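Everything on this sheet refers to the single structure shown next.
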Amino acid sequence: MALTDEQKQHFDENGYIIVRELLTDEEVRAVGQRADQIAVGEVVPEPGFGRQVEPAIQREEVEAKSTLESIRKLGGLVRTDPVMYAHATNPKILDVLEDLVGPDIKLFGDQLFMKSSAHGSRKNYHQDSNSWRPYVPYSLVSCWAALDDATIENGCLWFIPGSHKWGLLDVEREREIEKQALAGPLENEVPIELKAGDCSFHHSLTLHCSHTNRSKTRRRGYATHYMSSKTKCTGEGAATKSNKHMLLRGREYPGCV
Ligand SMILES: O=C(O)CCC(=O)C(=O)O
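Take -14 as the starting number for the sequence shown in the numbering used here and just add one per residue.
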């Protein structure tokens, strides 16, 4: 067991936990360096990988200061990139996951949020399961690994503790919470300030957001998303998605992801 009873209880009650110093400086450096190489196109981990430019730059409202600073996020790196694969399957991360989702663990996906100091934009309040509706039960877990120190100023994550118990919200309700958050601080939200190498783990129903980077330092965070192998993919695409997700620990189950 990687987590103490207190940490598990914190996750059950609040929908997230912070594990300090989970990664070594060397592990953080390896992932961070690779992220930069992928962001600028020095390394291209085909197929299925994605690179998203900051929306204001896409809309040509602002000019990109550099290619590196223009990238909002990278995605789908684990399948083909050995450095990102090594991170997503790091036993220290999977040991925590085992305590949270059980012994049979599959990878749902991965996203690397670059949040540059020049252009890093807000990520609205959301529940991850709202984007992953076919995957039931709604109890996936993400590991968000800080590749730089994440502070209030440079756009750390914010969570609403206990919101994973509210069930799947409709999109209107999610939008309403975002509107309230933009109007002023929510009384129940908490900032998740991390040092590079710390990781936070959150439930896929926990409402979270990150603010615009208003500092001179960037804030990269690598989110790897996991689920129990007993998860089912329902609705459209179920047949093709069945048994296609990468098994990381334990075993697979018939009719499940
Ligand atoms: O890093 C961010 O700014 C957003 C992260 C996020 O939404 C997630 O990890 O699910």
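Note that beta-carbon positions come from the ideal geometry of N, C-alpha and C, so glycine has one too.
The structure displayed is predicted, hence computed values, not measured ones.
Boundaries (first-last residue) of the beta strand (DSSP E) holding residue i
i: PRO176; result: 175 to 177
i: VAL38; result: 35 to 38
i: ILE162; result: Taken as a continuous stretch (DSSP letters only), ILE162 belongs to no beta strand (DSSP E), being part of the alpha helix (DSSP H) at 156 to 168.
i: ASP95; result: 90 to 98
i: VAL126; result: 126 to 131
i: HIS104; result: Premise fails: HIS104 is in no beta strand (DSSP E) and is neither H nor E.
Extent of the continuous alpha helix (DSSP H) run through residue i
i: THR219; result: Unbroken run through THR219: none, as it is neither H nor E.
i: THR52; result: 52 to 55
i: LEU82; result: 76 to 86
i: VAL16; result: 10 to 24
i: TYR211; result: Not the alpha helix (DSSP H): TYR211 falls in the beta strand (DSSP E), residues 206 to 213.
Residue j beta carbon less than 8 Å from that of residue i
i: GLY61; j: GLY33; result: yes
i: ALA130; j: LEU53; result: no
i: MET231; j: LEU92; result: yes
i: ALA73; j: VAL63; result: yes
i: ASP84; j: MET(-14); result: yes
i: VAL28; j: GLN22; result: yes
i: ARG203; j: SER51; result: no
i: VAL175; j: PRO146; result: yes
i: ARG234; j: PRO88; result: yes
i: CYS241; j: THR216; result: yes
Cβ distance (whole Å) where residue i is taken to contact residue j below 8 Å
i: GLY105; j: THR197; result: 7 Å
Nearest neighbour of residue i, chosen from the options [CA to CA]
i: ARG236; options: SER102, ARG5, SER214, GLU45; result: SER214
i: LYS100; options: ASN173, VAL156, ARG199; result: ARG199
i: GLN96; options: GLN165, VAL156, ALA20; result: ALA20
i: ARG118; options: LYS108, LEU154, THR136, ASN139; result: LEU154
i: TYR211; options: ASN75, GLU11, LYS(-7); result: ASN75
i: MET251; options: LEU167, THR219, TRP143, GLY206; result: The first residue shown for the chain is -14 and the last is 242, placing residue 251 beyond what the model contains.
i: GLY140; options: LYS164, PHE98, GLY169; result: PHE98
i: GLU138; options: ARG107, GLN18, ALA166; result: ARG107
i: ALA181; options: VAL86, TRP151, LEU132; result: LEU132
request  = Count the C-beta pairs between the stretch 172 to 191 and the stretch 100 to 115 that are closer than 8 Å, then say yes if the count reaches three, no if not.
outcome  = yes
task = Mind the definition here: the stretch 172 to 186 touches the stretch 33 to 44 only if three or more C-beta pairs lie below 8 Å; say whether that holds.
result = no
inquiry  = So, does the stretch 120 to 127 touch the stretch 158 to 174, judging by three or more C-beta pairs under 8 Å?
reply    = no
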